[in-house]
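Protein chains in written order, with the UniProt record's numbering: chain A, 1 to 251; chain B, 1 to 831.
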């Protein structure tokens, strides 16, 4: 079974996020880049399904040449091929991104399952997967925390407060997955060395612009954490136990 | 939370291993009202201490670094924060096998248990290593891993328990106020504190903090990459942080160590990645910590390949993932040494920066001793923050040398190796002529000095000088040096000495001031040239230099180029506060040309109308002569053991001076000679001592054979210790050794251990080892000479000993005990 995972290059930020001078972007001068935790789980799941079924796990991003770094990271986790679609604008909005993905798919092998992270780690629009599914006219499920594939069908689980929703869909299908779906592996040394040499297929992006425009980013009002000293040494133990009970961590 | 004090005896900035060690030792030595501040949280404020690899390899070619490391290991062990695991440096190339031989010699010299072992023995100690790429290995059982964060906590606890320390974390230093060149106050976001002393122990941030006070701490933050790969069952099942020896895979510039269930791989091989202190993110903005920058994977790929070659058995497993990968920041300096001591720009502002984990506690003790007693037990000569010339403190120079030096971290560094980046900062006025003569330039304090001249190549055959057959012996060397030496002894040579640092001392207090700083009697007639040791408070060497009395209250101090900046700091700090002494640095104003050899007088007489006969111009005197139209201060003295003068001229007249001397010298067979002659061959034949080699803080004038006949009445720094040393028998005496004929054609270079004929290490009663302080050819004696301190039971002329050089032991003989030279023992030639 062939699975494609769509990932996004995002800055790896610390607790405090610096903005550019005009406050329209994150200041990334001193930051590294990564993919979000949802997407790491999606890559892990794709690699497992490919291993299990003897299929392939592809990874696709819409972005500049620098985003090859994230494609190679996914390949060092076990993805076996990578595609980068040139982004028509610097920071494509969900509409443009979805159009780029949809535009690229006919050039690629027919995938049985296309996975997205639930939402990107930076913008968090949570739209691209749904837009792609809608454009393709295929079934889509979001918030997925369990995937089982079978002959021509996929079972997708969502964890809801009172239990687990189970959706079944015919393939090909689209899913947006949540962190916790699995425990993603770390890249291996061999995987990294393989990924370094692996080709990245580059496709032209669509000539469209989306309707979303970033005016300004604002920090959310600072939530000041209150620090309470519960005690010192062994004397603090009962108070710690009380707090844990209050949080529902112990009964 | 404790209230922030408004006054402290000392403010230590930075709570990494160095800052914690400084406060601990200051408290132990009796200082109180110590304030330790850090911008970050405790126990890990976010600096390099928090992400370091934390291992200690005790053997270094540098004695100073080895002593600091040894002291640090003892302190970590005493704090219960040291785990001994052993360590192995492995060689993949023949060059590295030779370097490991040299490592072994250093281990022997410094008395550290170590052994050369075979690749099979490496595999015995580290069963998951594939030894097939290896040619040899150097095993040090005492290699250890330490916990510097825990050690720091314990040190703070001890200082706090002594009632000496206030700790203020999450406190940002905003300004450091100075008054009259002294530290007065530290301003922080939690309040201002009045203080006499500030210690900058801020690691990669040190330049920024020093700049607040107007001082420079010349280092640059630079990336050192490391990754953790795991889990690996063989490592996990040990149940320990480290149970296997650490491997230093020296040729690809990397190391591998167990870290719990993981194998940590670190690299010094990648391109230099420098950053600016101002660009380091804050604790809040950093993804991991301020000094753990985003990993740049491309830079590390070759190291992964190299790691697989040795550790494929455990690294090439699907479940062994790269769990942690960082571009960790560390501090690099222009010469690779730490930056310790009071900054020359601001009194009371101390630097304790560019220190590795393995040296941290030792540096803490050194700084504390230096601050409290005026001199530390371990001589900080090579680490003194005051050692740099002004251009060496600039961002451009620091970055150039740091970039060049980074890949030398695990490199094979020849003792005479020269830097290639940012050269040519200082050139003497003679340099156009020197370049035309094919000078091979070596650098000191940024000065380009000819080491030898290719134009003298024909002299090699003419004078029958032998080449050195072994590449290592001949590296950064030329037989032309020996030829220039013989040509000087035969006729006359001219030597560029413009790198000398020169200070003018004048004013009504000048004599008393110099008397206080020097061992020799300064109250000599005008025109006298006075050689003198300069001592620290404990009687060890601080410097040695020449003073010329130019007038009743006017002196010229001439000192070596490499120590000029340190000496200027020392002389500046001791200036009286009443303004009675003026100190001027004339280094750039004066150029110096040495003219020495049996025909030197003929040459000088030909260019001056002044009387330069022996009767008119005695040895040990100085006066102004006119060389053509150039006023020249001529000093009749010699470091090469020949008749002649140092000619000091205004820099702008230098080129003309060179041309006058060269033209007049032609008929006398004058040759230009390089520092290879001045600093090594001629010097060592005459048994002259060199600061930083024979002369150091561990030894005083009596042991060095430089005690003066009389003891002056005036008090001076180090007098009590010097007086005491004169009254007793020295524990060690500086001796000159000859390499026995059977050993010829191998040429030890300095730093090698001196052993008994049975191969036993030699130490004196104070535990100081005997090692080669200088080595060099003695072309006029037809031998190779070595200098070494020996205890009295070996310091006997005719005694046979051994020197270990690159894995072999060579017989040597004690040829001279004390200062009397082997060449021209009664100094007839220069007098």
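Positions of the beta carbon are idealized from the N, C-alpha and C atoms, including for glycine.
{"Query": "Nearest chain A C-beta to residue 222/B closer than 8 Å, yes or no?", "Result": "no"}
{"Query": "Where do the ends of the alpha helix (DSSP H) carrying residue 303/B lie?", "Result": "297 to 315"}
{"Query": "Using beta carbons (cut-off 8 Å, strictly below), is residue 108/A in contact with chain B?", "Result": "no"}
{"Query": "Once the 5 residues before and after residue 93/B are set aside, which same chain residues still bring their CB inside 6 Å of it?", "Result": "251"}
{"Query": "Name the chain A residues whose beta carbon is nearer than 9 Å to that of residue 702/B?", "Result": "Chain A residues near residue 702/B: none, gap ~56 Å exceeds 9 Å."}
{"Query": "Determine the contact status of residue 153/A and residue 145/A, defining contact as a CB-CB distance below 8 Å.", "Result": "no"}
{"Query": "In angstroms with no decimal places, state the Cα-to-Cα distance between residue 596/B and residue 644/B.", "Result": "4 Å"}
{"Query": "Measuring straight from C-alpha to C-alpha, what distance separates residue 1/B and residue 127/A?", "Result": "Note that residue 1/B has pLDDT 48, beneath the 50 cutoff, so the model's placement of it is unreliable and the number below is only indicative. Looking at the two C-alpha atoms, the distance is approximately 49 Å."}
{"Query": "Rounded to the nearest angstrom, what separates residue 156/B and residue 14/B at their Cα positions?", "Result": "12 Å"}
{"Query": "Identify every residue that forms a DSSP beta bridge with residue 169/A.", "Result": "154/A"}
{"Query": "Got a sec: does the ligand NAD put a non-hydrogen atom nearer than 7 Å to the Cβ of residue 613/B?", "Result": "This structure simply doesn't include the ligand NAD, nor any ligand for that matter."}
{"Query": "When burial is assigned at 16 or more other CB atoms within 10 Å of the CB, is residue 5/A buried or exposed?", "Result": "buried"}
{"Query": "For the alpha helix (DSSP H) containing residue 840/B, list its first residue and its last residue.", "Result": "Any answer about residue 840/B is impossible in this case: the structure gives chain B only from 1 up to 831."}
{"Query": "Going by the CB atoms, is the gap between residue 806/B and residue 101/B shorter than 8 Å?", "Result": "yes"}
{"Query": "Which residues, in chain order, does the stretch 16 to 50 of chain A contribute to contact with chain B at a C-beta distance below 7 Å?", "Result": "16, 18, 30, 31, 32"}
{"Query": "So what does residue 258/B bridge to, in DSSP terms?", "Result": "263/B"}
{"Query": "Closest to residue 746/B by CA distance: which of 668/B, 829/B, 468/B is it?", "Result": "468/B"}
{"Query": "Looking at residue 292/B: is its Cβ nearer than 8 Å to the Cβ of residue 328/B?", "Result": "yes"}
{"Query": "Please check if any C-beta of chain A sits within less than 8 Å of the C-beta of residue 167/B.", "Result": "no"}
{"Query": "Do we get a CB-CB distance below 8 Å when we pair residue 218/A with the residues of chain B?", "Result": "no"}
{"Query": "Just the C-alpha distance for residue 208/B and residue 661/B, rounded to the nearest angstrom, thanks.", "Result": "49 Å"}
{"Query": "At a Cβ cut of 8 Å, what residues of the stretch 170 to 202 of chain A count as close to chain B, listed as they run along the chain?", "Result": "185, 186, 187, 188, 189, 190, 192, 193, 196"}
{"Query": "Using beta-carbon positions only, say whether residue 803/B and residue 748/B come within less than 8 Å of one another.", "Result": "yes"}
{"Query": "Report back the beta-carbon spacing between residue 47/B and residue 16/B to the nearest angstrom; my notes put them in contact at under 8 Å.", "Result": "5 Å"}
{"Query": "For residue 384/B, does the three-state DSSP call read helix, strand or coil?", "Result": "strand"}
{"Query": "Nearest-angstrom Cα distance between residue 552/B and residue 581/B?", "Result": "13 Å"}
{"Query": "Looking only at C-alpha atoms, which of 115/A, 100/A, 58/A, 107/A sits nearest to residue 41/A?", "Result": "115/A"}
{"Query": "Could you check the C-alpha separation between residue 823/B and residue 685/B for me, to the nearest Å?", "Result": "5 Å"}
{"Query": "Tell me whether residue 672/B sits in a helix, a strand or coil according to DSSP, three-state version.", "Result": "strand"}
{"Query": "Take residue 183/A and list the residues in its own chain whose beta-carbon comes closer than 8 Å to its own, dropping the five residues that flank it on each side.", "Result": "44"}
{"Query": "Residue 84/B and residue 114/B: beta carbons closer than 8 Å?", "Result": "no"}
{"Query": "Alpha carbon to alpha carbon, what distance is there between residue 179/A and residue 833/B?", "Result": "Because residue 833/B is not part of the residues shown, which for chain B are 1 to 831, the question remains open."}
{"Query": "For residue 54/B, collect the residues of the same chain with a Cβ closer than 8 Å to its Cβ; drop the 5 residues on either side in sequence, then sort them by chain order.", "Result": "145, 146, 147, 148, 357"}
{"Query": "When you check each C-beta in the stretch 235 to 267 of chain B against every C-beta of chain A, which residues fall closer than 7 Å?", "Result": "none"}
{"Query": "Please compile the residues from chain B whose C-beta is within a distance smaller than 8 Å of the C-beta of residue 99/A.", "Result": "In chain order: nothing, as chain B lies at least about 31 Å away."}
{"Query": "Check each candidate in 208/A, 112/A, 131/A and name the one with the smallest Cα separation from residue 170/A.", "Result": "112/A"}
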